[in-house]
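*Asks:* Below is one structure. I have some questions about it.
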């Protein structure tokens with residue numbers, strides 16, 4: 024900003040000097056003509072006409088320079104505004120609290136991007152920021168936290184840059200769904216030394232890349248990892264685990280057939296296939312299931328790293 028203002032001031036000063044120069048030149052030429060007026064009147068008239076033409080050209084050039092300076096100043100202001108986009112800032116898109124009584128499941132908020140919850144309760148209850156949901160994003164961070172204090176974090180780089188979460192979770196990407204949206208696994212993984220329940224956490228106990236909109240039979244899981252079990256499209260095994268789940272509905276059209284009965288904020292990694300007769304699913308915050316923490320979802324255009332465990336979260340985090 025300082026450089027822009029300084030440059031503008033210097034250019035304006037240059038314009039003023041140029042105007043003074045033109046005025047001085049006109050005065051000098053006028054005096055010269057007075058002194059030489061008695062010699063070769065016809066030739067002098069021709070020279071006067073030529074000099075006047077050249078001075079007019081100088082005046083036109085001055086106007087052109089002034090116009091170009093104004094254009095440059097406008098462009099500099101536009102560049103200054105765009106530079107803000109290059110700041111490495113994380114924005115909170117969603118917070119999933121399996122213990123607050125509200126259920127995101129598969130169908131609530133993800134596809135519509137409607138605002139849910141309040142900013143002041145963003146880390147103690149379910150929360151969704153519609154504005155952030157619509158922001159283009161190149162990076163995503165999934166953060167497990169305890170009342171806003173980071174417990175564990177994974178950062179991923181999206182395979183396709185610039186799309187918003189609204190687009191990635193929207194209806195057009197739900198049929199057939201089943202997208203692997205990152206490549207190469209997490210670019211950052213940080214876990215607190217004293218973090219609990221890490222052996223079957225849906226995000227931090229398995230490796231691989233992020234899978235979005237994992238639709239299979241009449242089930243769907245919004246966020247899973249490829250290191251866990253990803254059910255085949257036509258298999259009704261209730262055995263893909265992660266965040267944002269519904270075990271009875273139409274995941275291709277965002278329809279829940281028994282909300283909130285079969286909706287789940289977060290499950291745990293387990294091998295409990297309905298096809299093999301297993302019906303004792305372990306789910307965070309439901310049926311007496313333990314809650315491992317809340318899960319915050321952040322996005323950024325340019326931030327590649329996220330604060331380490333112990334950090335106190337905010338709606339925006341500048342790196």
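Residue numbers (the numbering used here): 24 to 342.
Ideal placement from N, C-alpha and C gives every residue a C-beta, glycine not left out.
Treat the numbers as computed from the prediction; the structure is a model and nothing was measured.
(1) So what's residue 371 in DSSP terms, helix, strand or just coil?
(2) Measure the C-alpha to C-alpha separation of residue 307 and residue 94 and round it to an integer number of angstroms.
(3) Measure the alpha-carbon distance for residue 156 versus residue 87 and round it to whole angstroms.
(4) Using DSSP's beta-bridge definition, name the partner residues of residue 320.
(5) What number of angstroms, rounded off, separates the C-alpha of residue 174 from the C-alpha of residue 272?
(6) Return the first residue and the last residue of the beta strand (DSSP E) that residue 176 is part of.
(7) If you reduce the DSSP assignment to three classes, tell me which class residue 336 lands in.
(8) Can you tell me which residues form a DSSP beta bridge with residue 273?
(9) Helix, strand or coil: which one does DSSP assign to residue 235?
(10) Since residue 233 and residue 179 should fall inside the 8 Å C-beta cutoff, what is the C-beta to C-beta distance between them, to a whole number of angstroms?
(11) Which stretch, first to last residue, makes up the beta strand (DSSP E) that contains residue 189?
(12) Leaving out five residues before and five after residue 36 in sequence, what residues of the same chain have Cβ atoms less than 6 Å from its Cβ?
(13) Take the Cβ of residue 177 as the centre, count every other Cβ of all protein chains shown within 10 Å, and call the residue buried at 16 or more, exposed below.
(14) Rounding to the nearest angstrom, what Cα-Cα distance links residue 117 and residue 225 in this structure?
(15) Taking contact to mean 3 or more Cβ pairs, one atom from each stretch, closer than 8 Å, check whether the segment 257-265 and the segment 227-243 are in contact.
(16) What does DSSP give as the partner residue(s) for residue 144 in the beta ladder?
(17) Using the three-state DSSP reduction, which class does residue 314 fall into: helix, strand or coil?
(18) Tell me the rounded alpha-carbon separation between residue 194 and residue 204.
(19) Look up residue 211 in the DSSP assignment and give the residues it is bridged to.
*Replies:* Answer, in terms of the structure:
(1) The chain is shown only over 24 to 342; residue 371 falls outside these bounds and no answer can be derived.
(2) As a working note, residue 307 is residue 284 in the chain shown. As a working note, residue 94 is residue 71 in the chain shown. Roughly 59 Å separates the two Cα atoms.
(3) Taking the chain shown and counting its residues from 1, one reaches residue 156 at position 133. Taking the chain shown and counting its residues from 1, one reaches residue 87 at position 64. Near 45 Å, if we compare the C-alpha coordinates of residue 87 and residue 156.
(4) Walking along the chain shown from the start, residue 320 turns up at place 297. Partner(s): 117, 165.
(5) If you number the chain shown from 1, residue 174 lands on position 151. If you number the chain shown from 1, residue 272 lands on position 249. Residue 174 and residue 272: Cα-Cα distance of roughly 33 Å.
(6) Taking the chain shown and counting its residues from 1, the one referred to as residue 176 is at position 153. Here the beta strand (DSSP E) through residue 176 covers 172-180.
(7) On the chain shown, position 313 is the one that residue 336 refers to. Looking at residue 336 - three-state DSSP - the assignment turns out to be coil, as it is neither helix nor strand.
(8) To locate residue 273, count along the chain shown from 1; it is residue 250. Looking at the DSSP assignment, residue 273 forms a beta bridge with 278.
(9) As a working mapping, residue 235 is identified with position 212 in the chain shown. Under the three-state reduction of DSSP, residue 235 is assigned to strand.
(10) As a first step, residue 233 must be located in the chain shown, where it is residue number 210. As a first step, residue 179 must be located in the chain shown, where it is residue number 156. The C-beta distance from residue 233 to residue 179 rounds to 6 Å, short enough to fall under 8 Å.
(11) Residue mapping note: residue 189 aligns to position 166 of the chain shown, counting from 1. Segment 188-191 is the alpha helix (DSSP H) holding residue 189; no beta strand (DSSP E) there.
(12) Sequence index remark: in the chain shown, residue 36 carries index 13 (1-based). Here the model assigns residue 36 a pLDDT of 46, short of 50, so the residue's position is not dependable, and the following value carries that caveat. Sequence-distant Cβ neighbours of residue 36 in its own chain, meaning closer than 6 Å and more than five residues away, do not exist here.
(13) For the purposes of this step, residue 177 is identified with residue 154 of the chain shown, where counting begins at 1. Under the 10 Å beta carbon count, residue 177 is surrounded by 16 or more other beta carbons and is classified as buried.
(14) Residue numbering aside, residue 117 sits at position 94 when the chain shown is read from its first letter. Residue numbering aside, residue 225 sits at position 202 when the chain shown is read from its first letter. Distance from the CA of residue 117 to the CA of residue 225, rounded to the nearest whole angstrom, comes to 17 Å.
(15) As far as the Cβ criterion goes, the segment 257-265 touches the segment 227-243, which means the pair count is three or higher.
(16) As a working mapping, residue 144 is identified with position 121 in the chain shown. Answer is none; residue 144 lacks a bridge partner.
(17) Within the chain shown, numbered from 1, the residue matching residue 314 stands at position 291. Three-state result, residue 314: coil.
(18) The residue labelled residue 194 in the question sits at position 171 within the chain shown. The residue labelled residue 204 in the question sits at position 181 within the chain shown. Straight across, the Cα-Cα distance linking residue 194 with residue 204 is about 16 Å.
(19) Here residue 211 refers to the residue found at position 188 when the chain shown is read from its first residue. Per DSSP, 178.
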